[in-house]
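Asks: Structure below; questions to follow.
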Amino acid sequence: MYALVDGNNFYVSCERVFRPSLNGCPVVVLSNNDGCAIARSNEAKALGIAMGAPWFKIKHMAESDGLVALSANFALYGDLSDRMMSLAAGLGPHQEIYSIDESFIDLNGVRGDLVERSHKIRRRILQWVGIPCGIGIGATKTLAKLANHVAKTAERKPGSYPEQLAQVSNLAVLTPTELEAVFAATPV
């Protein structure tokens, strides 16, 4: 079994750690030279702002919709990533850092309730670092990644996936049988 720990809207979440007034506001983080959106809050996504949207095309939303645009601060994101990854490593004996906000944890040989253990790590990351994250668990890394995606999507759209996934609040455990149910319930 593998777990994927994934920071939610990571760059925006990092900014919100030090600027809590941004909570609930539509926020985008812009690329170098403030060219395009490289991270979006859920509120910005709800406004229809696409990943990679050029700033000049969405700039008007700052006035009309209260959109907040921030220049990227990669030093900050790297520091908070290091903190998040050190806590995520407590989930299992082997960690593979996949990106600045994603880490696979090998759960083979880990005893006890993996879901409860994952919930504890997730709460600890939020409390100690301030970054909300999702954790997906699956028999392979691919299934863990899919479980993470399904849980995050189910959290945003209750009832869109099988009930057992919608109730787990951003953490899903998928077996191959459950995977079939997910694909059956997912529109193509």
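Position one of the sequence shown corresponds to residue 4 (our numbering), numbered consecutively onward.
For every residue, glycine included, the Cβ atom is placed at its ideal position computed from N, Cα and C.
Only a predicted model underlies this, so the values are computations on that prediction, with no experimental measurement involved.
1) Hey, which unbroken runs of the alpha helix (DSSP H) at 4 residues or more fall wholly within the segment 25 to 92?
2) Give me whichever residues DSSP pairs with Phe107 in a beta bridge.
3) Per DSSP, what are the beta-bridge partners of Cys136 in this structure?
4) Under 7 Å Cβ to Cβ from Ile100, same chain only, skipping five residues before and after it: list those, please.
5) For Pro57, count neighbouring C-beta atoms within 10 Å of its own C-beta (all shown protein chains included) and say buried if the count is 16 or more, exposed if not.
6) Under a three-way DSSP split, which group does Arg120 fall into?
7) If you run the structure through DSSP and keep just helix, strand and coil, what is Val113?
8) If you run the structure through DSSP and keep just helix, strand and coil, what is Arg127?
9) Label Pro29 either buried or exposed according to how many other C-beta atoms from any shown protein chain fall within 10 Å of its C-beta, with 16 as the threshold for buried.
10) So, with DSSP's three-state summary, where would you put Arg194?
11) With a threshold of 6 Å on Cβ separation, who are the neighbours of Ile138 within its own chain once the five nearest residues in sequence on each side are excluded?
12) Check this for me: beta carbons of Leu94 and Leu33, under 8 Å apart or not?
13) Restricting to Cα atoms, I'd like to know which of Leu79, Gly69 and Ile52 is closest to Gly133.
14) Just to confirm before moving on: does the CB-CB distance between Ile140 and Met4 stay below 8 Å?
15) Can you tell me the Cα-Cα spacing of Ala75 and Leu50, whole angstroms?
16) So, at 6 Å on beta carbons, what are the nonlocal neighbours of Val20 in its own chain, with the 5 sequence-adjacent residues on each side left out?
Replies: Let me spell this out:
1) 45 to 49, 58 to 61, 63 to 67 and 77 to 91
2) Stepping through the sequence shown from its first residue, residue 107 is reached at position 104. Phe107 pairs with Leu7 and Glu99.
3) Start at 1 with the first residue of the sequence shown, and residue 136 comes out as number 133. According to DSSP, Cys136 shares a beta bridge with Gly10.
4) Translated into positions along the sequence shown, residue 100 becomes position 97. These residues qualify, in order along the chain: Met88 and Ser106.
5) As a first step, residue 57 must be located in the sequence shown, where it is residue number 54. It is exposed - the Cβ of Pro57 has fewer than 16 other Cβ atoms within 10 Å.
6) In the sequence shown, residue 120 corresponds to position 117, counting from 1. Correct three-state label for Arg120: helix.
7) Start at 1 with the first residue of the sequence shown, and residue 113 comes out as number 110. Reduced to three states, the DSSP call for Val113 is coil.
8) For the purposes of this step, residue 127 is identified with residue 124 of the sequence shown, where counting begins at 1. Of the three classes helix, strand and coil, the one that applies to Arg127 here is helix, per DSSP.
9) Mapped onto the sequence shown, residue 29 falls at position 26. Its Cβ being crowded by 16 or more others within 10 Å, Pro29 is buried.
10) Only positions 4 to 191 of the chain appear in this structure, which leaves residue 194 out of reach.
11) Within the sequence shown, residue 138 is the residue found at index 135, counting from 1. Only Ala6, Val8, Ser121, Arg125 and Leu174 meet the Cβ criterion.
12) Numbered from its first residue, the sequence shown carries residue 94 at position 91. Numbered from its first residue, the sequence shown carries residue 33 at position 30. The answer is no: Cβ separation not under 8 Å.
13) As a working mapping, residue 133 is identified with position 130 in the sequence shown. With distances taken between Cα atoms, Gly133 lies closest to Leu79.
14) Within the sequence shown, residue 140 is the residue found at index 137, counting from 1. Within the sequence shown, residue 4 is the residue found at index 1, counting from 1. Contact: yes.
15) Translated into positions along the sequence shown, residue 75 becomes position 72. Translated into positions along the sequence shown, residue 50 becomes position 47. Each residue's Cα considered, the two are about 21 Å apart.
16) In the sequence shown, the residue the question calls residue 20 occupies position 17. So the list reads Gly133, once near-sequence residues are dropped.
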